[in-house]
Amino acid sequence: MECNMGNHFLLRMIVFHGIMFSCLVAIAANPDPRNIRNSHTIPDQGYCDQPYIVITNDGNWLCTLTTGKGREGDPGQHVVATISADQGKTWSDLIDIEPEDGPEASWVVPLVVPSGRVYAFYDYNGDRIGGRRADMLGWYVYKFSDDHGRTWSQDRYRLPVRRTACDRDNGLDGDMQIFWGIDKPMIHDGVAYFAFTKLGKYMLDLGEGWLFRSDNIVAETDPAAIRWEMLPEGEHGIRHEPFGSIQEEHNLVALSDGTLYCMYRTTTGHPCHAYSVDGGRTWSTPEFATYAPGGRRFKHNRACPAIWRTTDGKFLFWFNHHGGTSFEERNPVWISGGIEKDGNIHWSQPEILLYDPDENIRISYPDLIEANGRFWISETQKTIARVHEIDPALLQGLWTQGQKRERIENGLLLSRDGERIQNEKLKIPALPNLAEGGGFTIELLLRFDMISTDQSLLDTRDENGKGIRIRTADKNNIEFIMNDGAREFAWDCDANLLVPETWHHIAVVVNGGPKIVSYVIDGIVGDGGEERQKGWQRFSSEFADINGGKDAQVVFSFHGQMNQLYIYNRCLRVSEIISNYNSLFREK
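Going left to right, the sequence shown walks through residues 1 to 588 as our numbering numbers them.
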């Protein structure tokens with residue numbers, strides 16, 4: 001008997017461990033591509049910034065970056081390059097553009113011209129200014145490479161940074177200029193452009209945007225004969241005084257007619273944008289950037305607001321989707337897709353693009369790489385630089401958000417549609433475990449006769465309170481609550497979104513990767529409105545199983561009508577939720 005019991009126990013353990021191993025293999029085989037740790041690392045010396053990548057004429061990737069063995073701005077900071085022959089999976093040893101034992105060299109950005117020559121533009125402490133952080137002081141220079149980045153010219157060439165009003169009043173007697181650039185140069189209609197920021201006060205105050213324009217760098221072989229214009233014309237750069245001192249990290253894209261579009265960061269909780277229709281010589285008065293002309297403002301903190309144009313003329317905007325004012329909270333990163341309409345960029349609702357499980361990690365200074373219909377994004381969190389392939393379906397979803405009108409079926413666990421749901425008990429399938437990275441989406445279509453606090457829309461809680469609940473809150477909005485038996489989380493949608501006698505499409509997205517709950521109400525992603533910094537919130541990484549009772553109470557004590565309830569066993573993309581929302585109009 002003891003022998004038989006032991007054999008049964010051994011068999012059970014073998015089966016159990018086999019199942020667990022299979023699960024671990026499955027998880028390892030399908031890591032969340034949004035998690036920045038599931039990627040390929042770019043080499044550095046410790047500190048690393050602005051890992052920008054160009055595809056050279058030999059087909060390789062060339063990454064330029066700023067690196068050093070100390071902290072940002074320390075002596076020894078210099079600019080380097082590294083080469084990948086396998087689309088970012090592996091990289092060469094670092095190649096000095098400037099050596100670490102020379103003057104500080106920082107904020108390098110690359111440009112490839114049709115001949116194959118590569119230029120690198122960067123800050124250079126050529127006057128060997130000491131006694132203070134000098135990574136933004138000195139000269140703006142460039143070197144070039146004629147062998148795809150393997151070696152670089154001994155000579156460096158200075159860009160003609162005009163002295164303007166902000167230089168003369170910068171507190172350094174006008175002898176030193178304070179500037180840096182995060183804009184990757186572009187070529188449009190044979191003309192090269194890139195933006196940079198000058199400061200009117202050391203350190204990091206009174207920023208304004210400028211750009212360099214060259215009409216002959218594409219064909220000129222003598223680097224000393226390249227013509228440069230610093231624009232806009234006059235004494236003042238791109239800024240608007242009412243938006244405060246901090247206006248910086250300007251970057252550009254070109255529209256189809258040659259109009260230049262500039263985006264930059266502030267500490268107002270919003271990025272700003274401006275347009276130029278004359279090649280950068282003059283600019284519209286900067287305004288808070290909006291999703292569409294006259295529409296809702298973007299929310300973004302003091303972090304790099306990167307914009308890109310793709311080869312087929314579409315646009316992408318990298319931002320943090322909250323209204324903070326500091327350098328912090330750069331995780332997760334959100335992305336919006338833009339299309340050109342009537343001379344303006346119209347931006348989509350955003351999706352989560354990348355995150356780190358540690359919410360304190362700051363992800364920034366990205367670049368976009370595009371080749372043969374595939375897309376990658378590089379980024380840094382200041383000590384590790386990485387490159388990530390991005391699902392093109394995610395990006396296409398952004399660019400076609402207003403067009404799709406199909407009901408999404410993938411991952412659908414429960415569907416009640418087309419009839420009034422009232423005071424019912426429904427069998428609720430098991431929801432994924434949040435600790436394992438799972439997530440789910442709940443969609444409701446409902447109309448309130450009256451909106452009062454604590455009307456119950458969905459309740460799966462058991463007698464111990466474990467489960468989920470959706471109820472009305474106290475600001476003409478709803479609240480999602482979840483409990484795993486050990487802890488509870490609650491987050492409400494933005495205030496005053498719900499109106500009596502109006503049909504509303506509500507989606508609650510519980511995302512177990514970045515541990516975030518967000519809302520999409522009537523096709524709009526919540527951003528916190530005027531009352532809050534953001535419309536999404538993190539929950540504890542310790543949340544696991546939030547399944548409650550087997551039955552769910554639906555629309556109990558609810559003054560109104562619910563006609564749809566959908567539950568998915570995954571986090572729908574925002575574009576999928578909007579497709580579901582748009583399907584309502586197709587059906588009508």
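We put the CB at the ideal spot given by N, CA and C, even for glycine. Because the structure is a prediction, the values reported are computed rather than measured.
Identify, in the order they occur along the chain, each residue of the same chain with its Cβ nearer than 7 angstroms to the Cβ of residue i, setting aside the five sequence neighbours on each side.
i       : result
Leu-206 : Cys-166, Leu-199, Gly-200, Ser-245
Ala-224 : Tyr-157
Glu-249 : Ile-182, Thr-197, Tyr-264, Arg-265, Cys-304, Pro-305
Ala-544 : Asn-433, Leu-434, Ala-435, Asp-484
Pro-114 : Val-218
Ser-579 : Lys-404, Arg-405, Glu-406, Ile-408
Please identify the residue among the options whose C-alpha is closest to the C-alpha of residue i.
i       : options                            : result
Asn-410 : Trp-228, Tyr-47, Ile-577, Arg-158  : Ile-577
Gly-337 : Arg-362, Thr-380, Thr-290          : Thr-290
Glu-235 : Arg-281, Val-554, Asn-580, Gln-396 : Arg-281
Ala-417 : Leu-445, Lys-425, Gly-402          : What sits at residue 417 in the sequence shown is Asp, not Ala. Comparing Cα-Cα distances from Asp-417 to each of Leu-445, Lys-425, Gly-402, the minimum goes to Leu-445.
Gln-564 : Cys-262, Gln-401, Pro-500, Glu-419 : Glu-419
Thr-453 : Gly-294, Ala-495, Val-80           : Ala-495
Pro-51  : Met-562, Glu-379, Phe-144, Ile-226 : Glu-379
Thr-67  : Gly-76, Pro-232, Arg-407, Trp-61   : Gly-76
Thr-400 : Asn-360, Arg-573, Leu-431          : Arg-573
Ala-134 : Val-113, Ser-284, Arg-162, Met-176 : Met-176
Arg-37  : Arg-362, Gly-560, Gly-526          : Arg-362
Asp-342 : Pro-366, Ile-369, Pro-293          : Pro-293
Ile-345 : Pro-366, Asn-331, Leu-260          : Leu-260
Gly-528 : Gly-323, Ser-575, Tyr-275          : Gly-323
Val-253 : Ala-195, Arg-302, Thr-285, His-300 : Ala-195
Pro-366 : Val-141, Asn-251, Asn-464          : Asn-251
Ile-238 : Gly-258, Trp-228, Trp-210, Arg-227 : Trp-210
Leu-316 : Ile-377, Ala-105, Arg-132          : Ile-377
Glu-501 : Leu-458, Lys-550, Asp-449          : Asp-449
What does DSSP give as the partner residue(s) for residue i in the beta ladder?
i       : result
Gln-537 : Val-517
Ala-552 : Leu-426
Pro-110 : Ala-120
Val-510 : Phe-440, Val-517
Glu-229 : Arg-213
Asn-344 : Lys-341
Leu-252 : Cys-262
His-273 : Met-263, Glu-287
Glu-351 : Ile-335
Val-141 : Tyr-122, Arg-158
Asp-417 : Gln-564
Under 9 angstroms, Cβ to Cβ, is there at least one residue of chain D near residue i?
i       : result
Trp-283 : Included in the structure is just one protein chain, with no chain D present.
Ordered along the chain, which non-local residues of its own chain (more than five positions away) have a Cβ less than 8 angstroms from that of residue i?
i       : result
Gly-313 : Ser-256, Glu-340
Cys-571 : Gly-439, Phe-440, Thr-441, Val-509, Val-510, Asn-511, Gly-512, Gly-513
Arg-162 : Met-230
Among residues of its own chain, excluding the 5 on either side of residue i, which ones have a beta-carbon nearer than 6 angstroms to its beta-carbon?
i       : result
Tyr-566 : Ser-415, Glu-443
Leu-584 : none
Tyr-581 : His-505, Gly-523
Pro-31  : Asn-38
Gly-465 : Asn-483
Checklist entry - Do the region 123 to 138 and the region 97 to 106 make contact, defined as three or more Cβ pairs closer than 8 angstroms? => result yes
Next on the checklist: Under 8 angstroms, with one C-beta from each stretch per pair, do the region 206 to 223 and the region 178 to 193 reach the 3-pair mark?
Outcome noted: yes
Checklist entry - For the region 236 to 250 against the region 266 to 276, are there 3 or more C-beta pairs whose distance is under 8 angstroms? => result yes
Next on the checklist: So, does the region 488 to 501 touch the region 532 to 541, judging by three or more C-beta pairs under 8 angstroms?
Outcome noted: yes
Item to check | Inter-stretch contact at 8 angstroms, needing at least 3 Cβ pairs: the region 522 to 535 / the region 467 to 474 | outcome: no
Next on the checklist: Counting beta carbon pairs with one atom in the region 546 to 565 and one in the region 514 to 524, are three or more of them shorter than 8 angstroms?
Outcome noted: no
Next on the checklist: Check whether the region 377 to 387 and the region 39 to 54 touch, using three or more Cβ-Cβ pairs below 8 angstroms as the test.
Outcome noted: yes
Item to check | Uninterrupted beta strand (DSSP E) stretches inside the region 168 to 204 (no shorter than 3 residues) | outcome: 186 to 188, 191 to 201
Checklist entry - Does the region 392 to 411 come close enough to the region 53 to 62 that 3 or more CB-CB pairs lie under 8 angstroms? => result no
Checklist entry - In the region 446 to 495, which residue ranges form an unbroken beta strand (DSSP E) of at least 3 residues, counting only runs that do not cross its ends? => result 456 to 459, 467 to 472, 478 to 483, 488 to 492
Item to check | Unbroken stretches of the beta strand (DSSP E), 3 residues or longer, contained in the region 359 to 405 | outcome: 364 to 371, 374 to 380, 385 to 390
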